[in-house]
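Trainee: For reference, the structure I am asking about is given below.
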Amino acid sequence: MEKITSFTIDHIKLQPGVYVSRKDTFQNAVITTFDLRITSPNEEPVMNTAEIHTIEHLGATFLRNHKEFGERTVYFGPMGCRTGFYLLLAGDYTSRQIAPLITELFEFIRDFHDAVPGADPKDCGNYLDMNLPMANYLAGRYLEQVLYAIDDSRLIYPE
Numbered sequence: 007m008e009k010i011t012s013f014t015i016d017h018i019k020l021q022p023g024v025y026v027s028r029k030d031t032f033q034n035a036v037i038t039t040f041d042l043r044i045t046s047p048n049e050e051p052v053m054n055t056a057e058i059h060t061i062e063h064l065g066a067t068f069l070r071n072h073k074e075f076g077e078r079t080v081y082f083g084p085m086g087c088r089t090g091f092y093l094l095l096a097g098d099y100t101s102r103q104i105a106p107l108i109t110e111l112f113e114f115i116r117d118f119h120d121a122v123p124g125a126d127p128k129d130c131g132n133y134l135d136m137n138l139p140m141a142n143y144l145a146g147r148y149l150e151q152v153l154y155a156i157d158d159s160r161l162i163y164p165e
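To convert a position in the sequence shown, counted from 1, into the numbering used here, add 6.
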């Protein structure tokens, strides 16, 4: 069996960034999958489920309500390894093109201090597993360490 695309990336060299993971065509439309890598794989501790869950709720809500990308958002959710998130957008995009959207998204998460959308027993199957302060912290860290000074080393997968 062949390795899937995400398992062919050298995770020893991979650093936090915004990467195009793959592009697929579905019913004549391009779907671009982005790897939003928040922590350095196999070097830093992974994110805990509570902050991942909080970022997922905030991120999905923000993206699906975005004036330009709301209708193009196919999926936003965590990686199983807990080092980042996948964002699937309808359209053919580069990492550089969506870096402003990702910056806007993580500024929203960093600055969010209200009730987490969907963190209610009737809306979510694990509504108690939330950590907004840690989600705020991780979003701020990603902005400062990656997004505000992003360059090709954090936009293109390492060879």
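The beta-carbon is built from N, C-alpha and C at its ideal position, and this holds for glycine as well.
State yes or no: is the C-beta of residue 140 within less than 7 Å of the C-beta of residue 125?
Mentor: The residue labelled residue 140 in the question sits at position 134 within the sequence shown. The residue labelled residue 125 in the question sits at position 119 within the sequence shown. In this structure, residue 140 keeps its C-beta atom at 7 Å or more from the C-beta atom of residue 125.
Trainee: Relative to the alpha-carbon of residue 166, which residue among 85, 147, 104, 101 has its alpha-carbon at the smallest distance?
Mentor: There is simply no residue 166 to check, as the chain begins at 7 and stops at 165 in what is shown.
Trainee: If distances are taken between C-alpha atoms only, which option among 85, 90, 129 comes closest to residue 44?
Mentor: Position 38 of the sequence shown, counted from the start, is the residue given in the question as residue 44. Per the Cα distances, 90.
Trainee: Who pairs with residue 84 in a beta bridge, going by DSSP?
Mentor: The residue you call residue 84 lines up with position 78 of the sequence shown. Under DSSP, residue 84 shares a beta bridge with 91.
Trainee: Looking at the secondary structure, which residues open and close the alpha helix (DSSP H) in which residue 169 lies?
Mentor: Since the first residue shown for the chain is 7 and the last is 165, residue 169 is missing from the structure and cannot be characterised.
Trainee: Which residues bound the beta strand (DSSP E) around residue 23?
Mentor: Position 17 of the sequence shown, counting from 1, holds the residue named residue 23. Its beta strand (DSSP E) spans residues 23–32.
Trainee: Would you say the beta carbon of residue 152 comes nearer than 6 Å to a heavy atom of the ligand MN?
Mentor: Within the structure as shown, the ligand MN is missing, as the structure has no ligands at all.
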